[in-house]
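Residue numbers (my numbering), protein chains in the order written: chain Z, 135 to 432; chain A, 135 to 432.
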């Protein structure tokens, strides 16, 4: 394609930028980034692409616009984009929840503009363009969202684009997407934040430090609990119905575990611990994690 | 020292074995391992030390006996050891909870035998002698347990021993130990098991697979939830009072999070997410985890 615009050049935006440049996917890459600090870092890193001062300059005549900002920024940007004539432009995003953003797009984006949502399953606990990696999305799933208004031509376009990026594609509805990721991603993050919060509360209540003994398990959760707060607030708020249900299932199971422990129910607890073990091998077989003990840390 | 006996030669026992041999800490190393499969693997791996057929052969005239079995094996082994005269032997263990084992030792170990407990903070989701590593305990904390019967001479002996192994030593009571590790290790493991169990329940209820989309968070938990089930059942049962309290604190906090999400309480949720982030930097500063994004996996 001739021209792509990346809006928001943090961890994921800059990873896309690096990859699009490396694989020569677009002749021109434009970046619209409102944070002065990020712009300075992008320049210092000598990343490819042209930083534009106005959204208009980046958007006009682009084949693809990719939103890589927190989801809470979408509405404001949509209202700006509505001022431009973009007949040959497809808009997409990489947001982690889809029902709410579908509603925002439907409600605010003018009808002549086209938006089909994407969600590449990639990320890290660190933020900012300095942490981006050219291979961030390689061999990772990318979900394309199909609802009743989605045009096949746009799905095909995104399919080709993400394949060039190196991702594996799957298409699903916003509803199915938000259900699945409430369990595989949103709940795990919430649980990690909550565990670290509980450890902090405990440490405050007792008068001794315990974080230094975190190598026995807590440290793993602390990584996820260090993820970007704006991004995760947006996800929690946007997918609150599914996340609430996931919390309820989790608490129900946790109370059953507690009962097993307190009654020393050997059979029930062993059954659970043996069952959960199988998921790890499945994940490794599906190449969703590294096949080394302890993530190869040691 | 002249002679050490390691009882149980799985992941941690074999790691101690490797280290004691490498650092020449004992002239003779004996191994008592009841699993025929493990014995075969130890032989195949050509690990150092002498595998003994009877506990007596290993125990007599040893300077140090180290229990590296699941905690549920202690009582049986204590009753055997009581048959031998071991005036110059110190017994220790590497069990992950201490109040219950203190009680077992006090109740069953004959008065002429000496036992002072250890807990090196190390491990992995994999089990067995083939996964042992000589540097498993290097730069890791090792907790020595002091209660009212503990003799200073034994603490000193263990202090020297674990320092030679490469660990950093701290002494605490069984009560303090079990409180701290209920939060930094036992609850995280339970939470990981419970999250994976909830994902399995969800997958069963829905008719589509979701484990393949686990790269967004779930995969991290699946590692911990693949830990040895016998070891973890023992820990959960042995430290049930502290773990129950930790569960209650965790659920209370989780329900507060749920309320924040459902009411879109921006201020409260951001405060929490920003606070928890600090723990990660603290853990890395304390050298309790690797200083690389995503555990250096990618």
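Backbone N, C-alpha and C fix where the C-beta goes; we use that ideal spot for every residue, glycine too.
{"Item": "Considering residue 410 of chain A, what are the terminal residues of the beta strand (DSSP E) in which it resides?", "Value": "Here residue 410 of chain A belongs to no beta strand (DSSP E); instead the alpha helix (DSSP H) covers 400-419."}
{"Item": "Considering only the alpha carbon of each residue, which of Z/213, Z/373, Z/203, Z/328 lies closest to residue 261 of chain Z?", "Value": "Z/203"}
{"Item": "Is the beta carbon of residue 363 of chain A less than 8 Å from the beta carbon of residue 411 of chain Z?", "Value": "yes"}
{"Item": "Note down the Cα distance separating residue 227 of chain A from residue 377 of chain Z, rounded to an integer number of angstroms.", "Value": "42 Å"}
{"Item": "Would you identify the three-state DSSP class for residue 317 of chain A, choosing helix, strand or coil?", "Value": "helix"}
{"Item": "So with CB distances below 7 Å, who are the chain A contacts of residue 318 of chain Z?", "Value": "333, 344, 347, 348, 350, 351, 352"}
{"Item": "Please check if any C-beta of chain Z sits within less than 8 Å of the C-beta of residue 153 of chain A.", "Value": "no"}
{"Item": "Using the beta-carbon of each residue, which ones in chain A are nearer than 8 Å to residue 406 of chain Z?", "Value": "327, 331"}
{"Item": "Name the residue from Z/409, Z/418, Z/356, Z/293 whose alpha carbon lies nearest to the alpha carbon of residue 419 of chain A.", "Value": "Z/356"}
{"Item": "Compute the Euclidean distance between the alpha carbons of residue 252 of chain Z and residue 345 of chain A, then round it to the nearest angstrom.", "Value": "19 Å"}
{"Item": "Nearest-angstrom Cα distance between residue 212 of chain Z and residue 218 of chain Z?", "Value": "10 Å"}
{"Item": "Quick one: which chain A residues come within Cβ less than 8 Å of residue 409 of chain Z?", "Value": "331, 334"}
{"Item": "Scan the segment 215-293 of chain Z and note each continuous alpha helix (DSSP H) run of 4 residues or more that stays entirely inside, going in chain order.", "Value": "233-242"}
{"Item": "Using 8 Å as the threshold, is the C-beta distance between residue 183 of chain A and residue 163 of chain A below it?", "Value": "yes"}
{"Item": "Under 8 Å, do residue 328 of chain Z and residue 388 of chain A count as touching if we go by C-beta distance?", "Value": "yes"}
{"Item": "Hey, out of A/405, A/169, A/177, A/152, whose CA is closest to residue 272 of chain A's CA?", "Value": "A/152"}
{"Item": "Taking Cβ-Cβ distances shorter than 7 Å, what residues in chain A pair up with residue 392 of chain Z?", "Value": "378, 381"}
{"Item": "Is the number of C-beta pairs between the segment 300-312 of chain A and the segment 275-291 of chain A that are closer than 8 Å three or more?", "Value": "yes"}
{"Item": "Please look up how many angstroms separate the CB atoms of residue 391 of chain A and residue 324 of chain Z, rounded, as I've assumed it's under 8 Å.", "Value": "6 Å"}
{"Item": "Tell me the DSSP secondary structure of residue 135 of chain Z in three-state form.", "Value": "coil"}
{"Item": "Is there a Cβ of chain Z sitting closer than 8 Å to that of residue 295 of chain A, yes or no?", "Value": "no"}
{"Item": "Look up residue 369 of chain Z in the DSSP assignment and say whether it is helix, strand or coil.", "Value": "helix"}
{"Item": "Using only CA atoms, which one of Z/298, Z/266, Z/335, Z/404 lies nearest to residue 359 of chain A?", "Value": "Z/404"}
{"Item": "Out of A/165, A/401, A/216, state which residue places its alpha-carbon closest to the alpha-carbon of residue 192 of chain A.", "Value": "A/165"}
{"Item": "Can you list, in chain order, the residues of its chain whose CB lies under 8 Å from that of residue 160 of chain Z, leaving out five sequence neighbours each side?", "Value": "135, 136, 137, 138, 154, 197, 198"}
{"Item": "Leaving aside the five residues before and after residue 239 of chain Z along the sequence, list all residues of the same chain whose C-beta is less than 6 Å from its C-beta, in chain order.", "Value": "249"}
{"Item": "Step through the CB atoms of chain Z and report whether any lies within less than 8 Å of the CB of residue 388 of chain A.", "Value": "yes"}
{"Item": "Among A/256, A/281, A/283, A/264, which has the Cα closest to the Cα of residue 270 of chain A?", "Value": "A/256"}
{"Item": "Taking Cβ positions only, does residue 165 of chain Z come closer than 8 Å to chain A?", "Value": "no"}
{"Item": "Which residues, in chain order, does the segment 241-260 of chain Z contribute to contact with chain A at a C-beta distance below 8 Å?", "Value": "255, 256, 257, 258, 259, 260"}
{"Item": "For residue 288 of chain A, which residues in the same chain have their Cβ closer than 7 Å to its Cβ, ignoring the five residues on either side in sequence?", "Value": "224, 248, 250"}
{"Item": "The alpha helix (DSSP H) that contains residue 379 of chain A, what's its start and end?", "Value": "374-396"}
{"Item": "8 Å is my cut-off, CB to CB: does residue 324 of chain A come that close to chain Z?", "Value": "yes"}
{"Item": "Alpha carbon to alpha carbon, what distance is there between residue 338 of chain A and residue 336 of chain Z?", "Value": "35 Å"}
{"Item": "Give me whichever residues DSSP pairs with residue 205 of chain A in a beta bridge.", "Value": "DSSP output for residue 205 of chain A lists no bridge partner at all."}
{"Item": "Compare the C-beta of residue 264 of chain A against all C-beta atoms of chain Z and say whether one is closer than 8 Å.", "Value": "no"}
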